[in-house]
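*Asks:* Every letter in the sequence shown is one number past the one before it in my numbering, and letter 69, counting from 1, is 324. Glycine included, C-beta positions come from ideal geometry on N, C-alpha and C. Quick caveat: nothing in here was measured; it's all calculated off a predicted structure. This is the structure I have questions about; it appears just below.
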Amino acid sequence: MASLKPFKCPVCGAPLTPSQGQKFVKCDYCGSVIDVSTEKKREISWYYQPLGFENVLDKGIITLQEALTLLENLKISPQNPPDGIPEIIGFRDQAGTFIEFTRYSQFLYDIRYENVKNNEFLMGYDIPLYKAQQMLIDFFEGRELRWKNLLKSE
Ligand SMILES: [Zn+2]
């Protein structure tokens with residue numbers, strides 16, 4: 256690690272104080288695990304599919320902070336969305352691996368994760384926000400998803 260510049264938890268904004276050489280630090284306030292060693296983050300773009308809308312809209316490069324805000328503000332889709340299409344937000348790396356989210360209740364998210372290179376096509380249902388947030392952080396930082404065991408092969 257080049258410097259010990261102050262870090263903020265991307266989820267809750269609390270200060271993080273990694274010690275010299277530490278790669279991961281756990282936020283004392285919200286429990287998120289953050290990679291503080293990564294100087295250059297992966298380039299992640301996002302896409303959006305509005306409720307009942309046929310097409311996916313590409314929205315361009317996004318930061319982790321912005322992505323976490325989008326996740327928290329994702330609208331709750333009705334149980335029977337028009338044309339069977341809920342509101343979806345997704346995040347994609349340059350290799351085409353993606354993670355996407357839908358929300359059918361205040362506190363629970365559905366998550367789809369696809370990594371074509373590893374032949375992984377996974378789907379998870381009714382996942383609480385804090386776990387969804389951690390998986391989004393892990394995705395941005397190029398780590399194995401922490402709660403991947405909640406996602407099942409399709
Ligand atoms: Zn935190």
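When you compare only the Cα positions, how much space is there between V311 and Y302?
*Replies:* Looking at the two C-alpha atoms, the distance is approximately 6 angstroms.
*Asks:* What residues does ligand 1 have around it, judged by CB closer than 6 angstroms to any heavy atom, in chain order?
*Replies:* My final list is C264, V266, C267, A269, C282, Y284, C285, S287.
*Asks:* Measuring CA to CA, which of P383, K403, G276 is closest to E327?
*Replies:* Checking every option, the nearest Cα to that of E327 belongs to P383.
*Asks:* Nearest to L377 by CA position, among E321, L405, L271, is which residue?
*Replies:* When only C-alpha atoms are compared, the closest one is L405.
*Asks:* List the residues that DSSP assigns as beta-bridge partners of S274.
*Replies:* S274 is not bridged to any residue.
*Asks:* Let me know if R347 comes out buried or exposed under the rule of 16 or more other beta-carbons within 10 Å of its beta-carbon.
*Replies:* Buried is the call here.
*Asks:* State the beta-bridge partners of R358 as determined by DSSP.
*Replies:* The partner list for R358 (beta bridge, DSSP) reads Y364.
*Asks:* Do you know offhand how far I340's Cα is from P273's?
*Replies:* The alpha-carbon atoms of I340 and P273 are separated by roughly 43 angstroms.
*Asks:* What do you get for E369, buried or exposed, if any count of 16 or more other CB atoms within 10 angstroms of its CB means buried?
*Replies:* Buried, by the Cβ-count rule.
*Asks:* Determine the burial state of T324: buried for a count of at least 16 other Cβ atoms within 10 Å of its Cβ, exposed for fewer.
*Replies:* It counts as exposed.
*Asks:* Among residues of its own chain, excluding the 5 on either side of S300, which ones have a beta-carbon nearer than 6 angstroms to its beta-carbon?
*Replies:* Same-chain partners within the cutoff: G315, I316, R347.
*Asks:* By how many angstroms is the C-alpha of G345 removed from the C-alpha of F356?
*Replies:* Taking the straight line joining both Cα atoms gives about 6 angstroms.
*Asks:* Return the first residue and the last residue of the beta strand (DSSP E) that K281 is part of.
*Replies:* Where K281 is concerned, the enclosing beta strand (DSSP E) stretches over 279-281.
*Asks:* My understanding is that V288 touches Q389, with C-beta atoms under 8 angstroms, so please give their C-beta distance in whole angstroms.
*Replies:* Indeed they touch by this definition, with Cβ atoms about 7 angstroms apart.
*Asks:* Give the list of continuous beta strand (DSSP E) stretches no shorter than 3 residues that lie fully inside the region 371-403.
*Replies:* For the region 371-403, whole beta strand (DSSP E) runs of length 3 or above, ordered along the chain, are 375-383.
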